[in-house]
Structures are given as C-alpha cells and as structure tokens.
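Q: Okay, handing you the structure first.
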Amino acid sequence: MKKLLQRLPLLAFVLLAYSCEEQEDGSYVPPITRYELIHGTWKLQAIKMSDELAKANKTKPDEITLTKEFNFTSFVIALNADSLSGEIKPTTFEVTGNAPALFATSGYWDMDTPYARADGKPSKILLFADEAKTQLLDELELTTVPGKDVVLEFRLVRYTEGNPYLSYTYRLRPQSK
211 MKKLLQRLPL LAFVLLAYSC EEQEDGSYVP PITRYELIHG TWKLQAIKMS
261 DELAKANKTK PDEITLTKEF NFTSFVIALN ADSLSGEIKP TTFEVTGNAP
311 ALFATSGYWD MDTPYARADG KPSKILLFAD EAKTQLLDEL ELTTVPGKDV
361 VLEFRLVRYT EGNPYLSYTY RLRPQSK
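Under the working numbering, the residue at position 77 of the sequence shown is numbered 287, and the numbers go up by one with no gaps.
What follows is the structure, encoded as structure tokens:
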C-alpha cells in the first residue's frame with residue numbers, strides 16, 4: 211500500500227501530461243444535404259399502388275403492383291440542380307416516358323428541408339409550376355434516400371377532406387448513361 215501511495219503522484223503527473231495533449235479534430239466539412247443525394251436522372255424500378263382505405267379497414271387487396279402495367283417501365287424523372295459556390299440547389303424537374311402522368315411532368319422542384327428530419331417524419335420533394343416556387347403542384351414524400359443501396363423511393367399520396375385514400379410508391383434507380 212505504501213508503494214502505491216508513493217507512485218500515485220507519478221501516475222497523476224503522467225495522466226495530467228497526457229490529458230494536455232491537443233487532439234486534432236480535422237477541418238469543418240458542411241453536412242451532406244438531401245439535394246446532393248437525390249439530384250440526377252432516375253429510372254423506375256417498381257411502382258406500387260396502395261388503397262389507404264383498405265389498409266385502414268384491414269381488407270384485401272390493399273396493394274397492387276403497377277410496374278408492368280400502363281407502360282410504367284418507361285418512367286424516368288430528372289431532378290436537375292445547379293452547383294453554385296459549391297452548394298447544390300434544386301432547379302427544374304422533368305418526367306419522360308409513356309407512363310400515365312400521376313403528378314406534374316415538368317416544372318421546378320425543392321424540398322421542405324434539405325436535411326433529414328429529427329422528428330422521423332418523411333421529407334417532401336415539392337413540385338412547383340413557377341421558378342419562384344410559389345405555385346405548388348404536388349408533394350412527394352421521400353421514403354428511401356440513396357445511400358449504400360443506390361435507390362430513391364418516394365410516395366405520392368392522394369387525399370380527400372384531409373384523409374389519405376390512395377398512394378403510389380415509386381422505387382427508382384439511377385439511369386445508366
């Protein structure tokens with residue numbers, strides 16, 4: 211015990227010297243925005259229509275896959291962006307192909323927030339008719355963001371009197387050039 215008490219000041223000095231060493235935290239890097247992850251040209255991989263009323267009432271069928279119906283396999287959406295001063299900002303969007311137009315086929319896009327939401331609610335891709343982004347046409351709920359698996363998934367929900375009755379879930383992959 212006496213040896214331990216004699217070595218305690220030496221141990222305290224070593225720990226104090228080590229704790230004064232300055233740690234390098236690196237330089238500041240701005241966080242990745244959703245714009246960076248989703249801008250580009252995306253080709254439809256799958257589309258599913260969901261009957262929200264059937265789901266709520268637990269009746270079947272409540273989902274139908276539409277991928278091979280109505281020429282949906284030709285659906286492509288381009289979410290264009292500008293890179294101003296190193297920041298990516300959304301500009302225009304355009305839908306091409308012969309699939310039925312369930313939402314606006316061209317205009318301007320933005321998001322309700324450029325980052326993931328802390329409250330767990332889905333971010334929304336907002337589609338506008340005008341460049342000033344004042345005339346909202348449609349909202350697409352972002353359900354999957356490209357990451358390790360390069361998939362973009364969003365959901366178009368139709369409402370009546372504030373209640374959802376039908377939704378379309380689009381699953382897309384980057385269009386190969």
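Backbone N, C-alpha and C define an ideal beta-carbon position, used for all residues, glycine too. In this text, all values refer to a predicted model and were calculated from it rather than measured experimentally.
Taking three-plus beta-carbon pairs below 8 Å as touching, is the region 285–293 in contact with the region 251–261?
A: yes
Q: Spatial neighbours of Phe364 within its chain, please: C-beta separation below 7 Å, excluding the five flanking residues on both sides.
A: Residue numbering aside, residue 364 sits at position 154 when the sequence shown is read from its first letter. Closer than 7 Å at Cβ, skipping near neighbours: Ile335, Leu350, Glu351, Leu352, Thr353, Tyr380.
Q: Roughly how many angstroms lie between the CA atoms of Thr344 and Glu297, to the nearest whole one?
A: The residue you call residue 344 lines up with position 134 of the sequence shown. The residue you call residue 297 lines up with position 87 of the sequence shown. Thr344 and Glu297: Cα-Cα distance of roughly 22 Å.
Q: Helix, strand or coil for Ala266, going by three-state DSSP, please let me know.
A: Residue 266 sits at position 56 when you count from the first residue of the sequence shown. Ala266: helix per DSSP, three-state reduction.
Q: Among Tyr375, Arg383, Leu366, which has the Cα closest to the Cα of Val360?
A: Residue mapping note: residue 360 aligns to position 150 of the sequence shown, counting from 1. Cα-wise, what sits closest to Val360 is Arg383.
Q: Please state whether the Cβ-Cβ distance between Leu376 and Met259 is less than 8 Å.
A: Numbered from 1 along the sequence shown, position 166 holds the residue referred to as residue 376. Numbered from 1 along the sequence shown, position 49 holds the residue referred to as residue 259. With respect to Met259, Leu376 sits close: the two C-beta atoms are nearer than 8 Å.
Q: Based on Cα-Cα distance, which residue from Glu341, Asp329, Val239 lies nearest to Gly317?
A: For the purposes of this step, residue 317 is identified with residue 107 of the sequence shown, where counting begins at 1. For the residues Glu341, Asp329, Val239, the minimum Cα distance to Gly317 belongs to Glu341.
Q: Is Phe303 near Asp348, with beta carbons less than 8 Å apart?
A: Within the sequence shown, the letter at position 93 stands for residue 303. Within the sequence shown, the letter at position 138 stands for residue 348. It is not a contact, given that the beta carbons lie outside the stated cut-off.
Q: Could you round the C-beta distance between Pro240 and Tyr325 to whole angstroms and report it? I think they count as a contact, below 8 Å.
A: Taking the sequence shown and counting its residues from 1, one reaches residue 240 at position 30. Taking the sequence shown and counting its residues from 1, one reaches residue 325 at position 115. Contact doesn't hold; Cβ gap of about 11 Å is too wide.
Q: Going by the beta-carbon positions, is the gap between Val367 and Leu247 smaller than 8 Å?
A: Counted from its first residue, the sequence shown places residue 367 at position 157. Counted from its first residue, the sequence shown places residue 247 at position 37. No.
Q: DSSP three-state call for Ile257: helix, strand or coil?
A: Residue 257 sits at position 47 when you count from the first residue of the sequence shown. Three-state result, Ile257: strand.
Q: Below 7 Å CB to CB, which residues in the same chain sit around Leu263 once its five sequence neighbours on both sides are set aside?
A: Position 53 of the sequence shown holds residue 263. Only Tyr375 meet the Cβ criterion.
Q: Label Tyr245 either buried or exposed according to how many other C-beta atoms from any shown protein chain fall within 10 Å of its C-beta, with 16 as the threshold for buried.
A: Position 35 of the sequence shown holds residue 245. By the neighbour-count rule (16 or more Cβ atoms within 10 Å), Tyr245 is buried.
Q: Ile257: buried (16+ other C-beta within 10 angstroms of its C-beta) or exposed?
A: Position 47 of the sequence shown, counted from the start, is the residue given in the question as residue 257. Buried: at least 16 other Cβ atoms inside 10 Å.
Q: From Leu276, Asn290, Ser293, pick the residue whose C-alpha is nearest to that of Pro310; which is it?
A: Position 100 of the sequence shown, counted from the first residue, corresponds to residue 310. Comparing Cα positions, the closest option is Leu276.
Q: Ordered along the chain, which non-local residues of its own chain (more than five positions away) have a Cβ less than 7 Å from that of Thr243?
A: Position 33 of the sequence shown, counting from 1, holds the residue named residue 243. Hits under 7 Å: Ile298, Pro324, Tyr325.
Q: With a threshold of 7 Å on Cβ separation, who are the neighbours of Gln385 within its own chain once the five nearest residues in sequence on each side are excluded?
A: Start at 1 with the first residue of the sequence shown, and residue 385 comes out as number 175. Same-chain partners within the cutoff: Thr251, Trp252, Lys253, Val286.
Q: Could you tell me the boundaries of the beta strand (DSSP E) in which Tyr380 lies?
A: Position 170 of the sequence shown holds residue 380. From DSSP, the beta strand (DSSP E) with Tyr380 extends over 373–384.
Q: Where does Leu350 fall in DSSP's three states?
A: For the purposes of this step, residue 350 is identified with residue 140 of the sequence shown, where counting begins at 1. Leu350: strand per DSSP, three-state reduction.
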